[in-house]
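A quick write-up on the structure given underneath.
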Amino acid sequence: MLPPPAPDADLVDPSDRVVRRRRAVRWAAQARTRGGDGPVPRTLLLDVGGVVIPTLFESTAIPDFPAGPLGDDAAYAEVEAGRLQERDYWGQLIAARPDIDAGALWRTCSYVRAEIRAAVAAIAGRVRVVAFTNDMAHWFGDDWPERFTELDHFDQVVEASKLGVLKPAPASFEHAAAAVGEDPARCLFVDDLPANLDGAAAVGMATLHFDVRDPAAAIARMLDRLGIAGAAAPRRRSTVFVVPRSDHRP
């Protein structure tokens, strides 16, 4: 585990928006001059449901289950745009489909992506790795990190629900950066939802879209952004559909 980084000498107050924005502008100018993408991140923030853990759209096999990001799903498009919280999306689905128990599906079908396990091993000791979720406790209970032993290799787990503001609100990312003791401009945030990326970018974080249709390619881009591409190429795995227990089948 890496200790929290010391603040940069010329950043008196990391929470000051004016100071942060001035620094982001200066770094962007420096990046254009040298042809790079800005400062190398010191802290990697990974969304949990969708990045660390596959979406239910990937991991379940239920007849007529919604497509989510894998197909035409108007309701989920509202989630991607930030107009609907994921929890509310599942609430609406459960109301319309009483045969679906989303909580049971999350608990039964969830696992850490093999690509994420390989990536965290490659990253270890180079940058801090933080799991940043809105509210996995809603589905799993407060002890949810104990279900995934791979999280022992993360430097920290941050829950937006406990910080008071959920993603995609920019304030959620400000709180997360403060919780890990990092300047937002030195963070790389990875998420499968574009609206969440917009919220992170609004406070100066670098962002990367995680396309759940091709996790291996997304992680390869992530490693490249961290300056460690090729350290351990994440292996591609076929989509694995986990059939839930019989009591959840229609």
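If you're matching positions, the sequence shown starts at 11 in this note's numbering and goes up one per residue.
Quick reminder that beta carbons are idealized off the backbone N, C-alpha and C, glycines included.
Could you please give me the residues that DSSP links to residue i through a beta bridge?
| i | result |
| --- | --- |
| residue 63 | 59 |
| residue 53 | 138 and 197 |
| residue 118 | Per DSSP, none; premise fails for residue 118. |
| residue 218 | 200 |
| residue 169 | 143 |
With 16 other CB atoms within 10 Å as the buried threshold, where does residue i fall?
| i | result |
| --- | --- |
| residue 166 | buried |
| residue 73 | exposed |
| residue 151 | exposed |
| residue 23 | Annotation note: pLDDT 46 at residue 23 (below 50); position unreliable, coordinate value reported separately. Looking at its Cβ environment, which holds fewer than 16 other Cβ atoms inside 10 Å, residue 23 is exposed. |
| residue 184 | buried |
| residue 93 | exposed |
| residue 105 | exposed |
| residue 131 | exposed |
| residue 78 | buried |
| residue 63 | buried |
Among the options, whose alpha-carbon lies nearest the alpha-carbon of residue i?
| i | options | result |
| --- | --- | --- |
| residue 89 | 208, 192, 225 and 195 | 208 |
| residue 170 | 197, 147, 108 and 137 | 147 |
| residue 112 | 70, 140 and 174 | 70 |
| residue 96 | 206, 218, 231 and 119 | 206 |
| residue 222 | 214, 216, 204 and 210 | 204 |
| residue 138 | 80, 56, 158 and 231 | 56 |
| residue 164 | 187, 179, 129 and 180 | 129 |
| residue 121 | 179, 59 and 81 | 59 |
| residue 155 | 106, 101 and 117 | 117 |
| residue 202 | 48, 75, 91 and 149 | 91 |
| residue 123 | 48, 61 and 216 | 61 |
| residue 48 | 63, 220 and 194 | 194 |
| residue 211 | 187, 231 and 224 | 187 |
| residue 157 | 119, 135 and 136 | 119 |
Residue i and residue j: beta carbons closer than 8 Å?
| i | j | result |
| --- | --- | --- |
| residue 144 | residue 172 | no |
| residue 199 | residue 168 | no |
| residue 68 | residue 226 | no |
| residue 50 | residue 236 | yes |
| residue 192 | residue 65 | no |
| residue 127 | residue 160 | yes |
| residue 182 | residue 175 | yes |
| residue 99 | residue 85 | yes |
| residue 213 | residue 180 | yes |
Output yes if chain C places a C-beta closer than 8 Å to the C-beta of residue i; else output no.
| i | result |
| --- | --- |
| residue 139 | No chain C is part of this structure, which consists of one protein chain only. |
Contact check, residue i vs residue j under 8 Å by CB: the rounded distance?
| i | j | result |
| --- | --- | --- |
| residue 133 | residue 238 | 7 Å |
| residue 10 | residue 115 | Since the first residue of the chain shown is 11 and the last is 260, residue 10 is not available in this structure. |
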